[in-house]
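For reference, the structure is listed below as structure tokens.
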Amino acid sequence: MSLDTSNDYITPEESHLSDSSLSLVIPTYNESRNIGELIRILSNLLDEAIPNQYELIVVDDDSPDRTWEIAQALMSDYPQLQVIRRQHERGLSTAVIHGWKVGTGKILGVIDGDLQHPPEILVKLLVAMEDGADIAIASRHVDDGGVSDWSVVRRFLSRGAQLLGLSILPEVIGRVSDPMSGFFMVRRSAIQEKDLNPLGYKILIEVLARGKIGRIAEVGYVFQERLSGESKVTWKQYVDYIRHLLRLRFSLGTIGKLRKAFPSP
């Protein structure tokens, strides 16, 4: 996979690990209150589970609260940490892909930077990957899963978005219980030769649609409310989600099949 880093500030290049098992990306925007605690928790957890076999990659979209600067200051204490400051690009999904391309791990992962995804679930996801899964997804909709204090409106919107996805892209959305999850691991080999081009926040849908995904594992988790910082859920995200579904429907449907059968010269 090629990567143009001309518009990005990456620090430091020499910190890249040559033989990591897991590259865990943390996309951030205005997470100055949470990033230090999250890195500490993740490092302690993974040092015990897979010592010297992982890397943490913070990809920050030039946060006004200087999240990237706080993360950089932690690098001397956490040698497995990398920090990327993107100054000319925005978006959670593209940030995740950027981090995966920079990483070296055979297993690629993503976790939110706001502590709403319980870090301890990472160990269960790793076990599922070691057992042969192509992708392991933290799900709110299987045993031991749920949400903590969502309003009725938010529950309705979340469920409505999933039902809409099922109607537009059933062969993709219907494969998993929580296609909206932003907390998962996937084998690099499953997506390495794929042209991922996500729109908005729902990177998992892009991976399921375009990746070579066979065996799927799901692990229950309870989605937590924010302890600090502000929610980034906006109506634009719902619009981007619909556009993403329609674009995938277009590319995976009849026209997409014709393109594969008769590629451009």
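Using my numbering, read the sequence shown as starting at 89 and increasing by one per residue.
In this text, a Cβ means the ideal position worked out from N, Cα and C, and glycines have one as well.
CA-CA distance, V184 and D328?
As a first step, residue 184 must be located in the sequence shown, where it is residue number 96. As a first step, residue 328 must be located in the sequence shown, where it is residue number 240. Each residue's Cα considered, the two are about 17 Å apart.
Rounded to a whole number of angstroms, what is the C-alpha to C-alpha distance between A365 and Q160?
The shown model of the chain, from 89 to 353, leaves out residue 365, and the question about it has no answer.
Is N45 buried or exposed, if buried means 16 or more other CB atoms sit within 10 Å of its CB?
The structure shown does not extend to residue 45, since the chain spans only 89 to 353, so no value can be given for it.
Assuming the contact rule is C-beta atoms closer than 8 Å, L336 and I199 should be a hit. Round their C-beta distance to whole Å, please.
Against the sequence shown, residue 336 aligns to sequence position 248. Against the sequence shown, residue 199 aligns to sequence position 111. About 24 Å separates the two Cβ atoms, so there is no contact after all.
Could you give the uninterrupted runs of the alpha helix (DSSP H) lying entirely in the segment 118 to 158, keeping only those of 4 residues or more?
123 to 137
Applying the 10 Å Cβ sphere with the 16-neighbour rule, what's the burial state of P286?
As a working note, residue 286 is residue 198 in the sequence shown. Result: buried.
Need the endpoints of the alpha helix (DSSP H) that T182 sits in, please.
Here residue 182 is taken as the residue at index 94 of the sequence shown, counted from 1. Looking at the DSSP string, the run of the alpha helix (DSSP H) that includes T182 is 180 to 190.
Out of V147, Y289, I301, which has the shortest C-alpha to C-alpha gap to E281?
Residue 281 sits at position 193 when you count from the first residue of the sequence shown. Nearest option by C-alpha distance: I301.
Go ahead and label S255 buried or exposed: buried means 16 or more other beta carbons lie within 10 angstroms of its beta carbon, across all protein chains shown.
Residue numbering aside, residue 255 sits at position 167 when the sequence shown is read from its first letter. That one is exposed.
Provide the residue(s) that pair with G308 in DSSP beta bridges, ordered along the chain.
On the sequence shown, position 220 is the one that residue 308 refers to. Looking at the DSSP assignment, G308 forms a beta bridge with S227.
Which residue wins for smallest C-alpha separation from P207, given the options E306, I127, G288, A297?
The residue given as residue 207 occupies position 119 in the sequence shown. Closest by alpha carbon: I127.
Three-state secondary structure (DSSP) at G220?
Here residue 220 is taken as the residue at index 132 of the sequence shown, counted from 1. Note: G220 maps to coil in three-state DSSP.
Measuring CB to CB, does V147 end up less than 7 Å from G187?
Counting from one through the sequence shown, the residue named residue 147 turns up at place 59. Counting from one through the sequence shown, the residue named residue 187 turns up at place 99. A contact, by the Cβ cut-off of 7 Å.
Sequence-distant residues of its chain with Cβ nearer than 7 Å to Q325 (five each side left out)
The count along the sequence shown starts at 1 and reaches residue 325 at position 237. Cβ neighbours of Q325 beyond the five flanking positions: G288, Y289.
Less than 7 Å between the beta carbons of I209 and Y309, yes or no?
Here the question's residue 209 lines up with position 121 in the sequence shown. Here the question's residue 309 lines up with position 221 in the sequence shown. Going by C-beta atoms, I209 is nearer than 7 Å to Y309.
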